[in-house]
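Inspection log for the structure reproduced underneath, given as structure tokens.
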Amino acid sequence: MRPATVAVWDRAVRVFHWALVGTMGYEFVAEAGTAWHENLGYGLLGLLGFRLIWGFVGTRYARFRQFVVGPRAALAYVRAIKQGHPARYIGHNPAGAVMVLGLMVMIAATAGTGWAMTTDALWGTAWIEILHRVCAYATLAMIVAHVGGVVLASMQHRENLVFAMITGAKRRE
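Be aware that the sequence shown starts at 0, since it is given in numbering that gives the first Met the number 0, and climbs by one per residue.
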């Protein structure tokens, strides 16, 4: 008899995810320019570096090749969401895959522009500060969209995806 659940997100992915959630949450309330804000920004780069590597050498559902799809597949999935009957995926769905990659890029851009503001060449330069702020707020908007997508997918598939990201398991069927 097959078990009712399947292991999807390994411990490394879950620790990465929740460390990212906590760090990003703190970054948005921390005073800019403080040592905590800067050090956690470097921590975010470290987390992203780990996830990038794990996306190539990690377990099945952690690997990018398992969930990254082209634009056509992602758009088709978004159309299916709008029609109310998207396919269920054990790992990331195509919209989730786009969000994962987009968030990784935006968090890297935010952290990278934050680092650039500490360099001799760009310290005190208005445009880099503006770009950092734009990246940070764009990332926040994407996080809100991500949470909304998780809630919507949880309702459409009658599955608690937040709980799945805590336990690492989803129902098999």
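Quick reminder that beta carbons are idealized off the backbone N, C-alpha and C, glycines included.
When Cβ pairs closer than 8 Å are counted between the two stretches, the stretch 102-115 is seen to touch the stretch 137-148, the count reaching three or more.
It is roughly 5 Å from the alpha-carbon of residue 134 to the alpha-carbon of residue 109. A distance below 8 Å between beta-carbons, with the five flanking residues on each side excluded, links residue 141 to the following residues of its chain, in chain order: 98, 101, 102, 105.
Residue 4: not part of any alpha helix (DSSP H); member of the beta strand (DSSP E) spanning 4-6, first to last residue. Sequence-distant Cβ neighbours of residue 6 in its own chain, meaning closer than 7 Å and more than five residues away, are 167, 168. DSSP places residue 132 inside the alpha helix (DSSP H), whose first and last residues are 125-156. If you ignore the 5 residues before and after residue 23, its C-beta comes within less than 8 Å of the C-beta of 43, 106, 138, 142, all in its own chain and listed in chain order.
With fewer than 16 other Cβ atoms inside 10 Å of its own Cβ, residue 172 counts as exposed. Per the C-alpha coordinates, the member of 86, 71, 113 positioned closest to residue 30 is 113. Put simply, the backbone Cα of residue 72 is about 29 Å away from that of residue 14. With a beta-carbon spacing of about 6 Å, residue 77 and residue 94 fall inside the 8 Å limit used to define contacts.
Taken atom to atom, the span from the alpha-carbon of residue 160 to that of residue 28 is near 26 Å. Annotation for residue 170: the continuous beta strand (DSSP E) segment containing it runs 168-170.
Taking the CA atoms as reference points, residue 121 sits about 9 Å from residue 128.
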